[in-house]
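The next block holds one structure in the form of structure tokens; read it before the comments.
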Amino acid sequence: MRKEIFAPDEYYHIYSRGVDKRVVFLDDHDRFRFINTLYILNNFLEIPHHFDIRTLTPRELLEPRKPFVNIAAGCLMDTHYHLVMDPLAENGISALMHKVGVSYSMYFNKRHERTGRLFESTFKAKHIDRPEYAEYITHYIHLNPAVLFNDGSPQSRLGGIEQYQWSSLPDYLGEKSGFSLLLSSSFRNDVLGVTAGEYRKLLHDLYRDRDKFS
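With our numbering, letter number 190 in the sequence shown gets 280, and the count goes up by one each step, no holes.
Encoded structure:
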């Protein structure tokens with residue numbers, strides 16, 4: 091039983107990595123499956139029998155949902171993931187992430203012919219309890235893919251980060267990403283209070299400051 095109390099209408103940084111820092115997303119099929127699992131299981135109502143959002147009809151996608159959480163931001167890296175969540179019920183985050191962890195681990199172990207624990211823990215959580223931390227954590231999450239783009243000028247590397255599809259950054263910049271279907275709250279507008287252009291400038295400034303010391 092987790093000790094944390096996740097209060098509704100509060101945001102939390104949720105994250106976990108592979109046991110022994112192992113890779114938990116080997117390819118885009120794995121990454122899509124994790125996002126697919128988050129979307130399908132984030133629903134108090136009946137779960138569809140077919141477990142693939144690519145096979146859901148437009149009518150099914152518009153059917154009423156009662157989600158456990160709002161998902162405000164996220165990023166998938168090879169060895170770990172980051173999410174920003176707002177629980178809609180007192181136990182929403184714990185209930186959803188337990189189901190997602192079990193489901194994705196079973197899928198991954200079967201597909202990649204392995205056994206045993208996949209993630210080092212169910213998940214870790216930090217309360218986003220002040221505006222400056224809200225700004226910091228979204229930039230931190232969205233700059234995680236920087237390690238994948240080490241060649242070229244800072245501007246070209248920023249372009250790669252902005253186009254990384256397994257992050258909600260494109261959505262914060264007014265584009266679409268692999269996270270688009272998951273996002274159910276406008277954290278950028280409602281919490282950070284900035285436009286897409288303002289968010290891009292803040293991110294670029296932070297990246298350039300970081301780049302001086304790399």
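Even for Gly, the Cβ is constructed at its ideal location relative to N, Cα and C.
Across which residues does DSSP place SER257 in a beta bridge pair?
-> CYS165
Sufficient close CB pairs (3 or more, under 8 Å) joining the region 224 to 243 to the region 289 to 301 | yes
Which of the three DSSP states, helix, strand or coil, is assigned to LEU173?
-> strand
Assigned exposure category for LEU116 - 16 Cβ within 10 Å defines buried = exposed
Using DSSP with H/G/I as helix, E/B as strand and the rest coil, what is ARG220?
-> coil
Near LYS302, which residues of its chain fall below 7 Å by C-beta distance, leaving aside the five closest residues on each side in sequence?
-> Reliability of the predicted coordinates at LYS302 is poor, the pLDDT of 44 falling under 50, and the value obtained from them is presented with this limitation in mind. No residues qualify anywhere along the chain.
Specify, as a first and last residue, the run of the beta strand (DSSP E) that ILE104 falls within.
-> 101 to 107
Who are the near neighbours of GLY287 in its chain, counting only those whose CB is closer than 8 Å to its CB and skipping five residues on each side?
-> none
Thinking GLY191 and THR212 are a contact (beta carbons under 8 Å), I'd like their distance in whole angstroms, please.
-> 6 Å
Short check: CB of SER274 to CB of PRO157, under 8 Å?
-> yes
Would you report the Cα separation of ARG155 and PRO244, rounded to the nearest angstrom?
-> 42 Å
With a cut-off of 8 Å, do at least 3 Cβ pairs link the region 95 to 107 to the region 218 to 227?
-> yes
Would you decide whether ASP120 is buried or exposed? Buried here means 16 or more other CB atoms lie within 10 Å of its CB.
-> buried
Of all the options LYS216, ASN160 and TYR197, which has the alpha carbon lying nearest to the alpha carbon of GLU94?
-> LYS216
Taking the alpha carbon of MET187 as the point to measure from, which residue in PRO98, LYS291, LEU233 and VAL159 has its own alpha carbon closest?
-> VAL159
Flag this pair as touching only if the region 195 to 208 and the region 259 to 272 have three or more C-beta atom pairs under 8 Å; answer yes or no.
-> no
Beta-bridge pairing of LEU273 - partner residues as DSSP gives them | ILE161
Looking only at C-alpha atoms, which of PHE124, LEU135, ASP99 and MET196 sits nearest to TYR171?
-> PHE124
Looking only at its own chain, which residues have a Cβ that is under 6 Å from the Cβ of LEU173, when we skip the five neighbours before and after it?
-> ILE104 and GLY164
Evaluate TYR289 with the Cβ neighbour count: other Cβ atoms within 10 Å of its Cβ, from every protein chain shown; 16 or more gives buried, anything less gives exposed.
-> buried
From SER276, ILE161 and GLN253, residue whose alpha carbon lies closest to that of GLU265 = GLN253
Where SER276 and GLY283 are concerned, what is the direct C-alpha to C-alpha distance, given to the nearest angstrom?
-> 10 Å
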